[in-house]
Structure formats: structure tokens, C-alpha cells
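This note's numbering numbers the first residue of the sequence shown as 851 and each following residue consecutively. Here a beta-carbon is modelled for each residue, glycine too, at the ideal position from N, C-alpha and C. Treat the numbers as computed from the prediction; the structure is a model and nothing was measured. Have a look at the structure below before the remarks.
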Amino acid sequence: MTLYQIKPLFQTLLRPTMFWLYKHHVTANHINLAALALSLITGLLLMLVAQPILFLLLPIVLFIRFAASDSQVGLDEVVVIAQSVGAVLVATWVHDYAPAIRGLVLASPAFKVKLYVPLARPVLALWHRLRGLFFINSYVKGRYLTHDRQRGASFNNDPLITRAIAVNILLDLYKTSERIIRDAAAITLPTQLLISGDDYVVHRQPQIDFYQRLRSPLKELHLLPGFYHDTLGEENRALAFEKMQSFISRLYANKSQKFDYQHEDCTGPSADRWRLLSGGPVPLSPVDLAYRFMRKAMKLFGTHSSGLHLGMSTGFDSGSSLDYVYQNQPQGSNAFGRLVDKIYLNSVGWRGIRQRKTHLQILIKQAVADLHAKGLAVRVVDIAAGHGRYVLDALANEPAVSDILLRDYSELNVAQGQEMIAQRGMSGRVRFEQGDAFNPEELSALTPRPTLAIVSGLYELFPENEQVKNSLAGLANAIEPGGILIYTGQPWHPQLEMIAGVLTSHKDGKPWVMRVRSQGEMDSLVRDAGFDKCTQRIDEWGIFTVSMAVRRDN
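The structure is reproduced here in C-alpha cells:
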């Protein structure tokens, strides 16, 4: 369903809201009114599309960019207003993509829908696993949403409003909401939260938890007594709009301020968490005992699993381990070992890694096409390529690429990569050499000057930002203006504690302890180095991101 097919529905339902804003002088000169349609577009998509929640973010991004372009304003002039499920998706978008918008207004975000049937969520999850996709009819009636009888009647009678919602959407909504609430500190945009006082549809406490963890220097919460769930469609909605108008006016009264990430690796919440993980769990606590048992089991049975054996030998974050995960072929010394290997390769982290490889290949091909369209020679460098599999896969049939240089610090990775190049018959096009990805002098002196640089899975392994800044500075010197940087990020990981407690890294067998960087922090480092981010991909679990940025002229 295209934007233009559902535009009449937007116009019908949004007209009262847009008229109120216009009447009170909150015009398109101050706020992109079209962004108000977000709660409607997401609601409609949720009812009609049985896809994971994160797949629904793309239409939101496209719609906001369309609205900004249509209003002839930059994204930094856009305030997004979203309600209910739309508010959850917008919060997810801001968390996962770190867009440079002016601010947010979230009304009654549906972080936790009230399911009045006991044990409804685990039962739905079990039934979904056994039966597959099915749809649930919503119990919500107009009288539970608003005191405005006319609006409630329009909700009940509108043939375009469907009651069916896919079960996977409902379950994904819960999981995504829990992730965003736990990691709300990654959201640093100015945010206003409107909470309905008598909401029969969603729980209040998750909304408060989300708000309290936000790190924006400008945020405010308003509890609206007597309001039902449809906050912006309530009988006394003027009260909500007055709060919005005041907040939005303040946002535009001052110059847009970017959050300061300069000391995030020392004083931010992710730095605190990294230090706690580095210290290990409380000795002899249940968590400590569980991790000890898992380490013992790995040593005992890991030799039968090729993946576990490789990880214990070279480090689970090594290029060799990563290449094994990319191949995704369970191997072992016996049937038991192959079963263990299959379980290992199917862990959510490794599934995310394989999705990251897919996203890398998509953006590499897009970057090659963009450079070719600009009339620039396509010269590629990957400064920490591992074995180089994802680059070779992406560029094998790209005649526009004139030069490919792969680099890695590990002699083993260089040797394995050179062997792979020879096996593919690409020795005439591809070079593989040893090099330090954090040495700005080495990177600045790369010849010929690259027009496409790739950094995948490297910065996530090092908690300090100084090394990352040095690397990016070297790449900024090497890449000519208009050239492209593709970089990866890890804003969140569901297994961070387990990895730190059980797995070892390539750094002399030390525990693999990672500091996650929010997407905002990672993008800030890239921006400060002289690149402008233009697009991004993220996996369905919200773990790994792949972004593309263009080298600025200055």
C-alpha cells in the first residue's frame, strides 16, 4: 500500500488536529505537520502487514523524509508527534537510527498493552510457535479511547479501520518496547511525554520508566487526568495541544543543540556498564556459578564442535570465527558436536552477524553505484577485513571497481584472505596486506586514494573512543570529498553479560567484554571526522547497524 493510496484516510482523521495547530499558529514554518500522520500510518501498517516490528520503521523513515522535503525544511527542523503504537515505533526509530530531528512528542506510547486475559502473552507466544501466523481481533471500542462521542463513533463505524492484528506484531511490540525502555538512555533528543490518566488500553508504569531513563537535557512529562488512550483525540484535547504548543515553541525559540558525546566512553552509562562487566559477577552468586558451569561445559564438549573449538583457539571475536559464522555450516567431530555447533551458530548474536553481512553487501553495492553515478573512480579499502569474505562476495561481479585493497592486523587473517583471493581468481583485482586500522598516518598515506572505505566489526571491539577517532581521522584524510565510508555499529546486545562471563576474545584469551555505543555516539564520531551519514540498515533484533556516510568537502 503506497502513501498516496492511504493519504485520504490521513486527511480525514487528521483534519481536526491540523486545524487546531494552524489556529494556534503552530504552522509548517515551525513544525512539519505532515509528521502527525505517523500514528495513523504505523497503525494501518500494523494491522495489514505481518512483518517484524523493525521492518515497519522503513515506511516511517521514508514518510518523515517525504514530509520534510515536501515542506522544504531540513530534518533538524522537524518535530515528530506520535501516539500509541506509532509512538513506540518512533521511539524505536530514534533509538536505533539516531535521526537528527528537532524533537519528539510522544502521546500514550503503547509500550505494554493491557491484556486482560491471564497469561495471554506466553500463551500467544506458544501458540504462535506451534501454529504459525494468525490474527487477533482487538477488543478496543471507541468508548475506551475517548470521551468525544463523535470521534468514538467514527472509530467504531469507519470501514477502513480493521480490528485484526498479526500475533507476531503484538509479540514483537512487547519485545521491542522492553528493549527500548531498558536502553532509553541512548535517546538524547528533546522529548515531551503525554500520559493519559485513565488509559484502559496500555499500562502507565512502562511509560514512566522510559521517561526517567531518557538523557535529553530537555524533557518533560505531563499526566492528563481523566484522559482515555486517544490522548490527541480526547474531548478536552485542547489541554494536550497547549502542552505540545508550549514545548514545540521552546524548541524553535533556540538553536538546535546536538548532544555532547565527547566523554561518552568515560562518563556515559555504557561506560559504567562496561566497567561493571569487566569486574565480573559477584563471586559465588547464581550468575557467577552459571557462567563457571558454562565455561566448564565448553571446555569439556567444545572440542566436538568446530565453531566452539575455533572460538576457544583464536577468540570468539576473531576474523576466523567471524568467517566461520558467515559460512553457517554446522560441523563437528560427531553427531553430538554438529548439534552443538548448530545451536551455537543459531544464537541471536550470530544470526545478527549474518544479517549484518547481508546489509554490508547491500550498502557496498549501493555505494559503488553512487560513486559511479558521480563519475568518481571506485577504489575500495577495508581496513580490518578479517578474511575479507563479505567484501569479495559483494564486489565479485562489480566491473566498475578499479582497485580493491584489504587490510588486517592479523598475519593469520592476511594469509587466509590471500588464499581466498587466489581461490576465487581475483588476484589481479584484489590486494591483501597487513596494516594497523588505528594508525592515522598509515591510513592517510593509502595509495591510490580510496573513494570507498569499509570498517566492519572493528570499532565495536574497542571501548575507548580515542582509537576510533584516530582511525576515522586517517580515513578522512585518505578519502577524497564525495567519497563514501561504510561503518558498522552495535547499539545494543541481548547477550552482553553472558558473552563477558563465558567467551574469550582475540586479545590474549581475555574475557570478551564489549562496550556498546549508541547509534548517536557512533554517528557523532563519524560526523566529527568529516562525514555526513546518509543511510542505515539494522537487523530485526536491533543489535547490529550498517551505515553509509559521505565525505564532506570541508
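Met1348 sits in a helix when the DSSP states are folded into three classes.
Burial check for Ser919: the Cβ neighbour count within 10 Å stays below 16, so the residue is exposed.
The C-beta separation of Phe1186 from His1209 comes to about 34 Å, leaving the pair out of contact by the 8 Å criterion. Check the Cα spacing between Ile1045 and each of Ile1058, Leu1068, Ala1035, Ile1271: the tightest is with Ile1058. Counted as a single uninterrupted DSSP element, the beta strand (DSSP E) harbouring Gly1339 occupies residues 1334-1339. Pairing Gly1083 with Pro949, the inter-Cα distance amounts to about 27 Å. Secondary structure at Arg993: helix, using DSSP grouped into helix, strand and coil.
Within the region 1007-1053, the complete alpha helix (DSSP H) runs of at least 4 residues fall at 1017-1032.
Judged by DSSP in its simplified three-state form, Lys964 adopts coil rather than helix or strand.
At the C-beta level, Thr1081 and Ala1003 stay beyond 7 Å of one another. Contact check between the region 1095-1106 and the region 1324-1344: fewer than three CB pairs, one atom from each, fall below 8 Å, which does not count as touching.
A check of alpha carbon separations from Ala1227 across Ser1252, Gln1205, Trp1391, Ser1397 identifies Ser1252 as the nearest. Restricting attention to Ser1120, Ile1233, Arg1001, the CA atom closest to the CA of Ala1303 is found in Ile1233.
Contact annotation, Arg1401 with Ala1326: C-beta distance approximately 7 Å; criterion of less than 8 Å satisfied. The distance from the Cβ of Met1162 to that of Thr1354 is about 7 Å, consistent with a contact at the 8 Å cut-off. Beyond the five residues adjoining it in sequence on each side, Arg1188 comes within less than 8 Å, by CB distance, of Ser1155, Pro1180, Gln1181, Gly1182 in the same chain, given in chain order. Following the DSSP letters along the chain, one finds Lys1108 in no alpha helix (DSSP H), marked with neither H nor E. DSSP places His1072 in the uninterrupted beta strand (DSSP E) bounded by 1069-1074. The beta-carbon separation of Arg1365 and Ala1121, rounded to 6 Å, stays under the 8 Å limit for a contact.
The beta-carbon distance between Leu1195 and Asn1178, rounded to whole angstroms, is 6 Å. This is short enough to meet the 8 Å contact definition. Contact between His1072 and Ser934 is ruled out by a C-beta separation of about 16 Å, above the 8 Å threshold.
Taking a 10 Å sphere around the C-beta of His1053, we find fewer than 16 other C-beta atoms and assign the residue as exposed. In this chain, the alpha helix (DSSP H) harbouring Phe1151 covers 1136-1151.
The C-alpha of Val1132 is placed about 36 Å away from the C-alpha of Ser1321. The region 997-1014 and the region 1025-1036 do not touch, with fewer than 3 CB-CB distances between them shorter than 8 Å. In this structure, Ile951 sits away from Val923, with a CB-CB distance that is not shorter than 7 Å. Contact check for Lys1207 against Tyr1174 fails: the beta carbons are separated by 7 Å or more.
For Asn1263, the enclosing alpha helix (DSSP H) stretches over residues 1261-1273. Cβ neighbours of Val944 within its own chain (closer than 7 Å, five residues either side excluded): Leu954, Ile1037, Leu1039. No Cβ-Cβ contact shorter than 7 Å links His1222 with Asn1263. One thing to note: Asp1389 has its Cβ within 7 Å of the Cβ of Gly1202. When DSSP states are grouped into helix, strand and coil, Thr1354 belongs to the strand group.
Taken atom to atom, the span from the alpha-carbon of His1113 to that of Lys1319 is near 12 Å. Selection Pro1136, Ser921, Tyr1024, Pro1067 evaluated against Gln1107 yields Pro1067 as nearest (Cα-Cα). The three-state reading of DSSP puts Thr1395 in strand, counting E and B together. Nearest in C-alpha terms to Phe985, of all of Leu904, Ala1287, Ala1016, Phe916, is Ala1016.
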